[in-house]
Amino acid sequence: MTASTTDAPTVPTDLSLPPPAEYPYDLGKYEWKVQTSSPEAERWFQRALNWTYGFHHDEAVRCYRYALHHDPNFAMAYWGVAYASGPNYNKPWELFDKAELRATLALCHAASKRAVDLAEDPLEKELCEAIAARFPSSRAEEGGEKEFARWNQAFADRMGEVYEGHKDDLDVTTVFADSLMGEPREVSQTLRVKEALDAALKRPEAMRHPGILHFYIHLMELSPTPELALVPADALRGLVPDSGHLTHMSGHIYAVVGDYRAMISSNFEAIAADEKYMAHAGADSFYMFYILHDYTFPIYAAMFNGQFGVAMKTLDRMEAWLTDDFLRIESPPMIDWMEGFCTFRVHVLVRFGKWEDILALPFPEDQEFYCVTTAFLHYGRALAFALTDRPEEAQREQQEFRDARARVKTTRQAIPNTWSDIFDVADAMLAGEMAYRAKKYDEAFDLLRLSINRCDNLVYAEPWGFMQPPRHAYAALQLEQGNVEEAARAYAEDLGFLTTLPRATRHPNNVWALHGYHECLTKLGRQAEADMLKPELTLALAVADVPIESSCYCRKTACCASQSKL
8 MTASTTDAPT VPTDLSLPPP AEYPYDLGKY EWKVQTSSPE AERWFQRALN WTYGFHHDEA
68 VRCYRYALHH DPNFAMAYWG VAYASGPNYN KPWELFDKAE LRATLALCHA ASKRAVDLAE
128 DPLEKELCEA IAARFPSSRA EEGGEKEFAR WNQAFADRMG EVYEGHKDDL DVTTVFADSL
188 MGEPREVSQT LRVKEALDAA LKRPEAMRHP GILHFYIHLM ELSPTPELAL VPADALRGLV
248 PDSGHLTHMS GHIYAVVGDY RAMISSNFEA IAADEKYMAH AGADSFYMFY ILHDYTFPIY
308 AAMFNGQFGV AMKTLDRMEA WLTDDFLRIE SPPMIDWMEG FCTFRVHVLV RFGKWEDILA
368 LPFPEDQEFY CVTTAFLHYG RALAFALTDR PEEAQREQQE FRDARARVKT TRQAIPNTWS
428 DIFDVADAML AGEMAYRAKK YDEAFDLLRL SINRCDNLVY AEPWGFMQPP RHAYAALQLE
488 QGNVEEAARA YAEDLGFLTT LPRATRHPNN VWALHGYHEC LTKLGRQAEA DMLKPELTLA
548 LAVADVPIES SCYCRKTACC ASQSKL
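Sequential numbering from 8 applies to the sequence shown in the working numbering.
So, in structure tokens, the structure goes:
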């Protein structure tokens, strides 16, 4: 993204906003002591801070500006406007559209400069000077990512200096960690963040600090030991009751440790907070990206639990917000950010083998606008035709899928992946399934292994960029062909019983692989291991609301071991 070098937009001298008479949100009890002469200004600052730590940047900025209504010389409120308006963990500079970028640069430069001018407290002065280093100009004279990278590094360097002098301040630690946690991140930066957050968490009060807990979860979800963040995740859940995103965050750890029921329940709590917010404030801001993300977690977890009803009911609720009017908002361009959510119905129906339901789905009227949705539906239809023994229709849809994916606009986001990478997984998966139906088994398994490799190498995200692990199809079909040892290895990898896969690509406790692995162990005569696995499988089957007879509905000769047979 390149900023225009024309004159920056004019920023009002007075950034204050008159606050509403009522504010219905419970944002918890955490406060950061700051310098202001107005109790009302401080109250709005604390609300803003908790929204900031919960990544609701738009609402945070409004609250900082409400604080300025009560104290127009409130340095830290200006600091907050700049901090919350600028780039963040999920939205770096290069993902701002041109109009956003020009307005944001002008606002952040003006607010940070005003903060520096007003700050009197020594620590606040340091913080304001640090944020000003991120916005040295009201426009990007050179444009491009290199200039923004220099600004981000300047901010991180200054925050490092602030942190070295105030290591006992949990808010300083939070902002310091945030300054280093953008992508891409050097190993040395990751270690420095971990050192700072680990030190903070040795203090009991850190378990009541939403910023420390939030960034610790983000740090540890990608690590080899995500279980170390379970206690912080539990502590964050409900700490800021009406911040849907903070309530949701525990689900990132529950996902990687395989606690899918907790993943569902925590995100239903988050959705309740989100729906309260939307009922009061509307559903037309960029924060909808975070809200829709909260809906995806119960859907994804229910897919691993074999809970078709939960997945579909949550999907219906999510899709109700994906209106055409909302997706056609141009700045920020909602369709670029949000169209991926429109593909979830196909993901769910594929997982549960609802082939005729997929074929009954209508294509969007405006297929150019809904280019990702169109391409992914062609993929689902091709798979459905292949698995209902209609090879000619499958081949036609396969070509339609390949043509449609080539038309997907480059502006469409699949953060942190690309749609090209995700469609590559789907392409190999589909080709493998079609080859299998044609009894070209060696070719089929080669293609499915290619799909597995591509899926494993997607950039970490929850939900994963491709929501049904191709390994489940591969193992099910290997089992159908009598290749029990190979199927057992694939299931053991998926469950994390073998440590050959990175932690984030394993799916502990999922009912599909548990069932498949138990079947393999039984067929191989490894009865002692099968008996040890049986309690986990029995628990998983008790949660599922569909019969589990294979790890993939692509397998036609399902095992007899269903819920009633255990």
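Note that beta-carbon positions come from the ideal geometry of N, C-alpha and C, so glycine has one too.
> Distance, Cα to Cα, L368 vs Y481?
Replying inline: Distance between the alpha carbons of L368 and Y481: 26 angstroms.
>> Closer than 8 angstroms is the cut-off here; do at least three beta carbon pairs connect the segment 453-463 with the segment 424-440?
In response: yes
> Hey, which unbroken runs of the alpha helix (DSSP H) at 4 residues or more fall wholly within the segment 355-424?
Replying inline: DSSP runs (the alpha helix (DSSP H)) wholly in the segment 355-424: 362-367, 378-394, 398-413.
> Does the Cβ of S558 have 16 or more other Cβ atoms within 10 Å, making it buried, or fewer, making it exposed?
Replying inline: Under this definition S558 is a buried residue.
> Going by beta carbon distance, what residues of the same chain come within less than 7 angstroms of F296, once the five residues before and after it are set aside?
Replying inline: W344, M345
> Counting Cβ pairs closer than 8 angstroms, one from the segment 169-180 and one from the segment 103-120, do we hit at least three?
Replying inline: no
>> Measuring only the C-alpha atoms, how far is A568 from E526?
In response: Legend: pLDDT at A568 = 44, less than 50; position of this residue unreliable, value from coordinates given subsequently. Distance between the alpha carbons of A568 and E526: 8 angstroms.
>> Just to check my reading of the structure: L125 and N80 have Cβ atoms closer than 8 angstroms, yes? What is that Cβ distance to the nearest angstrom?
In response: 5 angstroms
>> Quick check: A74 and F52, are their CB atoms within less than 8 angstroms of each other?
In response: yes
> Distance, Cα to Cα, L22 vs R210?
Replying inline: Those two C-alpha atoms are separated by around 37 angstroms.
>> Can you tell me whether K36 is helix, strand or coil according to DSSP?
In response: coil
> Are the beta-carbon atoms belonging to R388 and I365 less than 8 angstroms from one another?
Replying inline: yes
> Where does N460 sit, in a helix, a strand or coil, going by DSSP?
Replying inline: helix
>> Please report the distance separating the alpha-carbon of D453 from that of R496.
In response: 16 angstroms
> Excluding sequence positions up to five away, which residues of its chain have a Cβ less than 6 angstroms from the Cβ of L246?
Replying inline: G35, P217
> How would you write the range of the alpha helix (DSSP H) that Q53 sits in, first residue to last?
Replying inline: Where Q53 is concerned, the enclosing alpha helix (DSSP H) stretches over 46-60.
> With a cut-off of 8 angstroms, do at least 3 Cβ pairs link the segment 404-420 to the segment 375-390?
Replying inline: yes
> Roughly how many angstroms separate the alpha carbons of T9 and L243, rounded to a whole number?
Replying inline: Caution is warranted here: a pLDDT of 47 is assigned to T9, below 50, making its placement in the model unreliable, and the coordinate value is therefore given only provisionally. Rounded to the nearest angstrom, the two C-alpha atoms are 37 angstroms apart.
>> Just to confirm the assignment, what range does the alpha helix (DSSP H) spanning C115 have?
In response: Annotation for C115: the continuous alpha helix (DSSP H) segment containing it runs 105-125.
>> Assess contact between the segment 76-93 and the segment 273-280, defined as three or more Cβ pairs (one per stretch) separated by less than 8 angstroms. Is contact present?
In response: no
>> Just to check my reading of the structure: R513 and L502 have Cβ atoms closer than 8 angstroms, yes? What is that Cβ distance to the nearest angstrom?
In response: 7 angstroms
> For L299 versus M325, is the C-beta spacing smaller than 8 angstroms?
Replying inline: yes
> Out of curiosity, what's the CA-to-CA distance linking D431 and V179?
Replying inline: 42 angstroms
> DSSP three-state call for N312: helix, strand or coil?
Replying inline: helix
>> Distance check for D176 and W39, CA to CA, integer angstroms please.
In response: W39 and D176: Cα-Cα distance of roughly 10 angstroms.
> Alpha carbon to alpha carbon, how far is H479 from Y524?
Replying inline: Per the coordinates, the alpha-carbon of H479 lies some 11 angstroms from the alpha-carbon of Y524.
>> Suppose the cutoff is 6 angstroms on Cβ atoms and the five residues either side in sequence are ignored; what does the same chain contact list for A262 look like?
In response: M270, E469
> Just the Cα atoms here: how many angstroms apart are R562 and F311?
Replying inline: 18 angstroms
> What is the DSSP secondary structure of K320, counted as helix, strand or coil?
Replying inline: helix
> How long is the line joining the alpha carbons of L576 and L540, rounded to whole angstroms?
Replying inline: This structure gives no information on residue 576, because the portion of the chain shown stretches from 8 to 573.
> Say the cut is 7 angstroms; is the CB of S557 nearer than that to a heavy atom of the ligand GDP?
Replying inline: Among the components of this structure there are no ligands whatsoever, and the ligand GDP is therefore not found.
>> Let me check understanding here. Comparing Cα to Cα, which of M214, R533, P143, L486 lies closest to R165?
In response: For the set M214, R533, P143, L486, the Cα lying nearest the Cα of R165 is the one of P143.
> Which value, in whole angstroms, describes the spacing of the CA atoms of L130 and A122?
Replying inline: 12 angstroms
> Near D104, what residues of its chain come up, given a Cβ to Cβ distance below 7 angstroms and the 5 sequence neighbours on each side ignored?
Replying inline: S338, P339, P340
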